[in-house]
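Asks: Residue 153 in my numbering sits at position 28 of the sequence shown, and the numbers go up by one each step. C-beta atoms are modelled at their ideal positions from N, C-alpha and C, and glycine is treated no differently. Bear in mind the structure is a predicted one, so any value in this text is a computation, not a measurement. Questions regarding the structure given below will be posed in turn.
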Amino acid sequence: MKAMVLEKLCELNENHAPLVLRELPVPVPHENELLLKVSCCGVCHTELDEIEGRTQPARLPVIPGHQVVGRVDAIGSKVSTIKIGDRVGVAWIFSACGECRFCMAGNENLCRAFEATGRDADGGYAQYMTVAEDFAYPIPASMSDVQAAPLLCAGAIGYRSLRLANLRDGQRLGLTGFGASGHLVLKMVKHKYPNTGIYVFARSLAERVFAGELGAVWSGDTFDQAPHKLDSIIDTTPAWEPVVAALANLESGGRLVINAIRKEGDKRCLLDLDYPLHLWQEKEIKSVANITRTDVRDFLNMAAAMNLEPEVQVFELEQANEALVELKAGKIRGAKVLKMA
Ligand SMILES: [Zn+2]
Ligand SMILES: [Zn+2]
């Protein structure tokens, strides 16, 4: 099979082709696993963090990709609920121990043995992959493969972020960063909280225009002051400066949710934190870590019910490096998806 493989870590600014096209054997599923013939795989900012070493793969080489849609091509002897030919998705959660106190409480996203698809196990930048039956999700029939792929990370984790934001209908929500996840959260909010005004902070004018087209009531630069204080803000940027700027826009008692697996090195701006301006008045900061299977399932049902259509830009598998370089450069309009030939 063809696969785009990460063989060694590098900086994307110095190496515009971090992944290498390889011909590899088709993997063989274990007794509890499915073999998927991959149809599509979304491209995520987390792949940049893996390639550049901010969230290190457990081993190299590894096949990245954690927003996978495919059809079941073969099953292990103990697979019982999924059949050959079924269409399923795979998300960031590849496995968890199932026994620890986090897993037992349904917080498997916090399991210390959490394994991530495409980082700790081979993912979907390939024609085939294997995954445990328990970590594959039927894709609602109304969704196309290309439409479903970006929902499996950007959408599902956006859904978890929104859940953690504690928003009530009519309260004001800010989104700082407006990439794949931000634009899906905006659409979810319009559906779930129709009376909530959405305020978007983004570096690029194109993203701000896009936010306006999708129904944001206001959009501005990352460091602008919004016309109102905001009850919740979700940060999807890879940097610290937007966090500081967002805290200044947060209402008393408000919550900032940081949806990022790692932050880049601009930590010096944290020295500008001013307690009365940024933190006092019971402002909260909460990070989002990974996702649970329940998040993925609940979100896919909601996405089908509201016919959530992500804006998508399609690339071939062999163009994965181009897609990653564009992502790094901030050339985002919706979500990038690799489509297997
Ligand atoms: Zn992702
Ligand atoms: Zn566990």
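With a 10 Å radius around its C-beta and 16 neighbouring C-beta atoms as the bar for buried, classify Val-334 as buried or exposed.
Replies: Flag for Val-334 reads exposed.
Asks: Using only CA atoms, which one of Gly-378, Gly-337, Pro-367 lies nearest to Gln-350?
Replies: When each option's Cα is compared against that of Gln-350, the closest is Pro-367.
Asks: Give every residue of the same chain whose Cβ lies closer than 7 Å to the Cβ of Met-431, excluding the five residues on either side of it in the sequence, and list them in chain order.
Replies: Cβ neighbours of Met-431 beyond the five flanking positions: His-316.
Asks: Go to Arg-184, then tell me how far its alpha helix (DSSP H) extends in each direction, as first and last residue.
Replies: Note, Arg-184: premise wrong, no alpha helix (DSSP H); not H, not E.
Asks: Scan the stretch 131-187 and note each continuous alpha helix (DSSP H) run of 4 residues or more that stays entirely inside, going in chain order.
Replies: As far as the stretch 131-187 is concerned, its whole alpha helix (DSSP H) runs of at least 4 residues are 170-176.
Asks: Is any heavy atom of ligand 2 found at a distance shorter than 8 Å from the C-beta of Ala-290?
Replies: Ala-290: no, Cβ never under 8 Å from ligand 2.
Asks: CB of Ala-238 to nearest heavy atom of ligand 2: below 8 Å?
Replies: For ligand 2, at least one heavy atom lies less than 8 Å from the Cβ of Ala-238.
Asks: Can you tell me where the beta strand (DSSP E) holding Gly-195 begins and where it ends?
Replies: Run containing Gly-195: 193-200, per the beta strand (DSSP E) assignment.
Asks: Arg-418 to Pro-263, Cα distance in whole Å?
Replies: One C-alpha to the other measures close to 12 Å.
Asks: Please determine whether the Cβ atom of Ala-279 lies at a distance below 8 Å from any heavy atom of ligand 1.
Replies: The answer is yes for Ala-279.
Asks: Looking at the secondary structure, which residues open and close the beta strand (DSSP E) in which Arg-380 lies?
Replies: Looking at the DSSP string, the run of the beta strand (DSSP E) that includes Arg-380 is 375-383.
Asks: Taking the CB atoms as reference points, tell me whether Leu-442 and Tyr-250 lie closer together than 9 Å.
Replies: Yes, Cβ-Cβ distance for Leu-442 and Tyr-250 is below 9 Å.
Asks: When you measure from the CB of Cys-166 to every non-hydrogen atom of ligand 1, does any distance come out below 8 Å?
Replies: No - ligand 1 has no heavy atom lying nearer than 8 Å to the Cβ of Cys-166.
Asks: With Ala-460 as the anchor, note down where its beta strand (DSSP E) starts and where it stops.
Replies: Note, Ala-460: beta strand (DSSP E), 460-464.
Asks: Write down every uninterrupted run of the alpha helix (DSSP H) in the stretch 289-313 whose length is 4 residues or greater and which is fully enclosed by it, in chain order.
Replies: With a minimum length of 4 residues, no continuous alpha helix (DSSP H) run stays inside the stretch 289-313.
Asks: According to DSSP, Ser-343 sits in a beta bridge with which residue or residues?
Replies: Reading off the sequence, residue 343 comes out as Trp, not Ser. Trp-343 is bridged to Tyr-324.
Asks: Near Glu-136, which residues of its chain fall below 8 Å by C-beta distance, leaving aside the five closest residues on each side in sequence?
Replies: The residues are Glu-177.
Asks: With a threshold of 8 Å on Cβ separation, who are the neighbours of Cys-225 within its own chain once the five nearest residues in sequence on each side are excluded?
Replies: Here the set comprises Cys-236, Arg-237, Ala-238.
Asks: Give the straight-line distance between the Cα atoms of Leu-146 and Leu-449, rounded to the nearest whole angstrom.
Replies: Each residue's Cα considered, the two are about 14 Å apart.
Asks: So, using beta-carbon positions, are Glu-156 and Gly-201 closer together than 9 Å?
Replies: For Glu-156 and Gly-201, yes; Cβs fall inside 9 Å.
Asks: Going by DSSP, name the residue or residues bridged to Arg-212.
Replies: In DSSP, Arg-212 forms a bridge with Arg-196.
Asks: Could you check which residue in His-308, Gly-302, Lys-312 has the C-alpha nearest to that of Ala-327?
Replies: Of the listed residues, the one whose Cα sits closest to Ala-327 is Gly-302.
Asks: Just to confirm, are Leu-467 and Lys-312 a CB contact at a threshold of 9 Å?
Replies: There is simply no residue 467 to check, as the chain begins at 126 and stops at 466 in what is shown.
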